[in-house]
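In mature numbering (1 follows the signal peptide of the UniProt record, and there is no 0), the protein residues as written are -19 to -1, 1 to 465.
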């Protein structure tokens, strides 16, 4: 029974209990002992009436907030047996209204508790048997009424019934507070939900734009396919970036050494790779992305670990060159140059901290710069393995199996990372339809430990570049203040 349907039963149980009490009140008025008991019974009836009114008010307010019209609410309040009480859509709307942690469950528990208490009251009153009309003065009639009054007094013992009525009031107050607070928080929750939804939608667009820019940037004549890795960012519940809209980062890795994880399918064939002494340096590349907009964009600070200062750079050109407006101004470190060939730029990166910028063909620009952040060397990293191999424990190199089983913390961390990655990147070329656990990879150290902090996915594009070293890049939204 849904949390809405049971409300109709509670609304129907209140009048039943009250009418039974009033009926006994009318039947016992001719008895002498009734004078002493009347005050207690009247007080009990008044308490139940008061709780019934409060409960109806709370429920009416709730229905007004989840129904499509006031007319439907009026019909439901007047007809407790109408089909609208069983409408699953109303229950779904109520769940969305009480979307806080444990709110709907607490509400439902209170409603069920009220219904159970009222049922117990009604059963006890019915067990006393309905009384006839006032006695006609015969001794037989008087004895029968006296017996029924004693039974009623026993059933309505003050302490027990008082506790039940107090519990009813407590549960009704709890429902009122839950519904009232949820109503007060509704605008903020709706705004936050809209913001988060908009964030994930913009994140997908940003990821797609970045992939297009990188794919468009491979203009070399290499015979092999190029691969580039996207390191899935670790997020936390209530991420600061989600709440504040501050930029979040994506790390990309380009492998340049020949034969070194050249294609995605070779990642599972780990026995073909031989470690060398060459280090695999990871750097951060922070591209800023701006859609053509106003003539100038205010200078903003950067979060580069290299400590480069930012200044405003304008790309001059014909107004017809821009898709949406006349000029584009970007806040970027140094003066970037357009990257005509990613392959050549990566091979000649040297000590440069800025590779340049890429354009996705639709008016969005990605500016890349590097700075050391963390690194793995071949002395540390033995191979890469897929998430599927880790879960199935099937990956091995030279008869060496995966190291100790992942801890519960690591498993939960990976699950959370994959959840955010799915929301941010699916469906895009980074996480296309049909992807599974074999498409997510990890680095493994020589001692068998899995580096769970940096799961990554692999994309391919033709042509490919010879691999000399591995350089990681990190993208940052500029004007939109989104991740990437």
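Just so it is clear, CB atoms sit at the ideal spot from N, CA and C, and this is done for glycine as well.
Would you tell me roughly how many angstroms separate the C-alpha atoms of residue i and residue j, rounded to the nearest one?
{"i": "residue 330", "j": "residue 398", "result": "31 Å"}
{"i": "residue 142", "j": "residue 49", "result": "39 Å"}
{"i": "residue 436", "j": "residue 395", "result": "8 Å"}
{"i": "residue 338", "j": "residue 320", "result": "6 Å"}
{"i": "residue 60", "j": "residue 179", "result": "41 Å"}
{"i": "residue 233", "j": "residue 439", "result": "10 Å"}
{"i": "residue 349", "j": "residue 335", "result": "6 Å"}
{"i": "residue 325", "j": "residue 414", "result": "32 Å"}
{"i": "residue 200", "j": "residue 422", "result": "27 Å"}
{"i": "residue 102", "j": "residue 36", "result": "17 Å"}
{"i": "residue 432", "j": "residue 328", "result": "27 Å"}
{"i": "residue 157", "j": "residue 211", "result": "49 Å"}
{"i": "residue -3", "j": "residue 166", "result": "35 Å"}
{"i": "residue 434", "j": "residue 419", "result": "17 Å"}
{"i": "residue 426", "j": "residue 386", "result": "14 Å"}
{"i": "residue 208", "j": "residue 235", "result": "7 Å"}
{"i": "residue 41", "j": "residue 34", "result": "10 Å"}
{"i": "residue 408", "j": "residue 373", "result": "26 Å"}
{"i": "residue -14", "j": "residue 416", "result": "43 Å"}
{"i": "residue 366", "j": "residue 400", "result": "20 Å"}
{"i": "residue 87", "j": "residue 412", "result": "38 Å"}
{"i": "residue 58", "j": "residue 20", "result": "32 Å"}
{"i": "residue -6", "j": "residue 69", "result": "24 Å"}
{"i": "residue 27", "j": "residue 99", "result": "15 Å"}
{"i": "residue 202", "j": "residue 194", "result": "18 Å"}
{"i": "residue -9", "j": "residue -16", "result": "11 Å"}
{"i": "residue 104", "j": "residue 145", "result": "14 Å"}
{"i": "residue 74", "j": "residue 332", "result": "58 Å"}
{"i": "residue 322", "j": "residue 363", "result": "31 Å"}
Give the DSSP-derived three-state secondary structure of residue i in the structure shown.
{"i": "residue 329", "result": "coil"}
{"i": "residue 319", "result": "strand"}
{"i": "residue 42", "result": "helix"}
{"i": "residue 407", "result": "coil"}
{"i": "residue 234", "result": "strand"}
{"i": "residue 413", "result": "coil"}
Once the 5 residues before and after residue i are set aside, which same chain residues still bring their CB inside 8 Å of it?
{"i": "residue 181", "result": "404, 405"}
{"i": "residue 190", "result": "270, 341, 343, 345, 347"}
{"i": "residue 56", "result": "63, 65"}
{"i": "residue 361", "result": "426, 427"}
{"i": "residue 391", "result": "431, 433"}
Going by DSSP, what residues sit across from residue i in a beta bridge?
{"i": "residue 423", "result": "366"}
{"i": "residue 441", "result": "208"}
{"i": "residue 431", "result": "425"}
For residue i, collect the residues of the same chain with a Cβ closer than 7 Å to its Cβ; drop the 5 residues on either side in sequence, then sort them by chain order.
{"i": "residue 466", "result": "Only positions -19 to 465 of the chain appear in this structure, which leaves residue 466 out of reach."}
{"i": "residue 84", "result": "159, 163"}
{"i": "residue 46", "result": "78, 164"}
{"i": "residue 94", "result": "152"}
{"i": "residue 30", "result": "-2"}
{"i": "residue 53", "result": "65"}
Tell me whether residue i counts as near the ligand ZN, meaning its Cβ is closer than 7 Å to at least one heavy atom of that ligand.
{"i": "residue 183", "result": "As far as ligands go, the structure on display features none, and thus does not contain the ligand ZN."}
For residue i, which residues from the same chain have a beta carbon less than 6 Å from its beta carbon, with the 5 sequence-adjacent residues on both sides left out?
{"i": "residue 43", "result": "160"}
{"i": "residue 150", "result": "32"}
{"i": "residue 192", "result": "410"}
{"i": "residue 369", "result": "418, 419"}
{"i": "residue -11", "result": "96"}
{"i": "residue 317", "result": "335, 337, 338, 348"}
{"i": "residue 1", "result": "106"}
{"i": "residue 89", "result": "-17"}
Mind listing, in chain order, the continuous alpha helix (DSSP H) runs of no fewer than 4 residues lying wholly within the region 50 to 114? Whole alpha helix (DSSP H) segments, 4+ residues: 51 to 59, 69 to 78, 84 to 108.
Every unbroken beta strand (DSSP E) inside the region 169 to 201 [3 residues or more]: Taken in chain order, no unbroken stretch of beta strand (DSSP E) lies wholly in the region 169 to 201 with a span of 3 residues or more.
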